[in-house]
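**Q** The sequence shown begins at 1 in the working numbering and counts up by one. All residues carry an ideal CB built from backbone N, CA and C; glycine is no exception. Starting off with a structure, shown below.
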Amino acid sequence: MTPEPASRDTGSRTIVLIPARLASTRLPGKPLATIGGEPMIVLVWRRAVAAGLGRVVVAAAEPEIADAVERAGGEAVLVPDEVPSGTDRIFRALTRLDPDRRYTRVVNVQGDLPTLDPADLARVVEPLDRLGVDIGTLAVATSDPEERVRPNFVKAVVSFSIEDPTLGRALYFTRAPAPTGEGPVWHHIGIYAFTRAALERFCTLPASPLELREKLEQLRALEAGMSIGVKLIESAPFGVDTPDDLARARRLLERTG
Numbered sequence: 001m002t003p004e005p006a007s008r009d010t011g012s013r014t015i016v017l018i019p020a021r022l023a024s025t026r027l028p029g030k031p032l033a034t035i036g037g038e039p040m041i042v043l044v045w046r047r048a049v050a051a052g053l054g055r056v057v058v059a060a061a062e063p064e065i066a067d068a069v070e071r072a073g074g075e076a077v078l079v080p081d082e083v084p085s086g087t088d089r090i091f092r093a094l095t096r097l098d099p100d101r102r103y104t105r106v107v108n109v110q111g112d113l114p115t116l117d118p119a120d121l122a123r124v125v126e127p128l129d130r131l132g133v134d135i136g137t138l139a140v141a142t143s144d145p146e147e148r149v150r151p152n153f154v155k156a157v158v159s160f161s162i163e164d165p166t167l168g169r170a171l172y173f174t175r176a177p178a179p180t181g182e183g184p185v186w187h188h189i190g191i192y193a194f195t196r197a198a199l200e201r202f203c204t205l206p207a208s209p210l211e212l213r214e215k216l217e218q219l220r221a222l223e224a225g226m227s228i229g230v231k232l233i234e235s236a237p238f239g240v241d242t243p244d245d246l247a248r249a250r251r252l253l254e255r256t257g
């Protein structure tokens, strides 16, 4: 049964936006790739709805994506593919959807995370609520030596709270194995919760030197003096970037239903 879309919500001051585009070098048409008979973007939308944060809207670059979401009972807004990043796409979508500025928090969810646990998505706002930061995000502790050194596993360097060791402030993000020494590294999960003011400021900033060097957009915020809080979760959803990833997602989700 299709869940009642959170876009019907009238009380929450949080909006969840899912940027999606068909162009993908390694997996063309990725958002519309089917898993268990449904487009992947619809599966991600359903999980975002189940998180219960508020209104959920897919910010689609192409009409085909918007049509697929709307056929499933969801809400989509068309943001043509002229923007430099997913963050810029959600900012454009927010401007169109909420000219009266009712929403004060914006959650950015990647459209290629069909295994995302809705409960984990709900936790991304915790750093905003408890630390008063500009941006919240998620990470997973790992002691896997391969993940430590692989550059596509982005590491968050975090100063964790003594009172709550699952919550802390990000000092840096890097593709290098950091921090050094004994103990885990923290695998960053690219889901963000912004205060509205933080999103508006972020999208006016030029790309920063460290952002360009590491190819990590969140470093733009840190270099501009913005604060990012990190919530640790138990396990990481995997992103679907290649045909092999898609086959893995199909095996997992079609087996579990």
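What do you reckon, are the CB atoms on L205 and A224 nearer than 7 Å?
**A** It is a contact, given that the beta carbons lie within the stated cut-off.
**Q** On the three-state DSSP scale, how would you describe G132?
**A** Looking at G132 - three-state DSSP - the assignment turns out to be coil, as it is neither helix nor strand.
**Q** What is the C-beta distance between A59 and I15, in whole angstroms, given that I count them as a contact (C-beta under 8 Å)?
**A** Not a contact, Cβ separation roughly 11 Å.
**Q** Does the stretch 78–97 come within contact of the stretch 30–46, defined as at least 3 CB pairs closer than 8 Å?
**A** No contact exists between the stretch 78–97 and the stretch 30–46.
**Q** Which word fits R101, buried or exposed, when buried means at least 16 other C-beta atoms lie within 10 angstroms of its C-beta?
**A** Exposed, since its Cβ has fewer than 16 Cβ neighbours within 10 Å.
**Q** Looking only at its own chain, which residues have a Cβ that is under 6 Å from the Cβ of D138, when we skip the five neighbours before and after it?
**A** As written in the sequence, residue 138 is Leu, which differs from the Asp given in the question. Closer than 6 Å at Cβ, skipping near neighbours: V124, I189, I191, K231 and I233.
**Q** Any chance the stretch 242–249 sits against the stretch 26–36, with 3 or more Cβ pairs inside 8 Å?
**A** Counting Cβ pairs under 8 Å, three or more are found: they touch.
**Q** Please return the same chain residues whose Cβ sits closer than 7 Å to the Cβ of E70, not counting the five positions on each side in sequence.
**A** Cβ within range, chain order: A76.
**Q** Let me know if L53 comes out buried or exposed under the rule of 16 or more other beta-carbons within 10 Å of its beta-carbon.
**A** The residue in question, L53, is buried, as its Cβ has 16 or more Cβ neighbours within 10 Å.
**Q** At the level of alpha carbons, what is the spacing between E254 and L216?
**A** Cα-Cα distance, rounded: 33 Å.
**Q** In three-state DSSP terms, what is S7?
**A** Confidence in S7 is poor, its pLDDT being 40 and thus under 50, which makes the residue's placement too unreliable to answer from.
**Q** For a quick check, are the C-beta atoms of L116 and G239 less than 7 Å apart?
**A** Cβ atoms of L116 and G239: not closer than 7 Å.
**Q** Assuming contact is defined by CB atoms lying nearer than 7 Å, are V185 and R148 in contact in what I supplied?
**A** Yes, Cβ-Cβ distance for V185 and R148 is below 7 Å.
**Q** Could you please give me the residues that DSSP links to E126 through a beta bridge?
**A** Note: E126 sits in no beta bridge, so no partner.
**Q** Taking all protein chains shown into account, decide if D144 is buried (16 or more other Cβ within 10 angstroms of its Cβ) or exposed.
**A** Per the 10 Å Cβ criterion, exposed.
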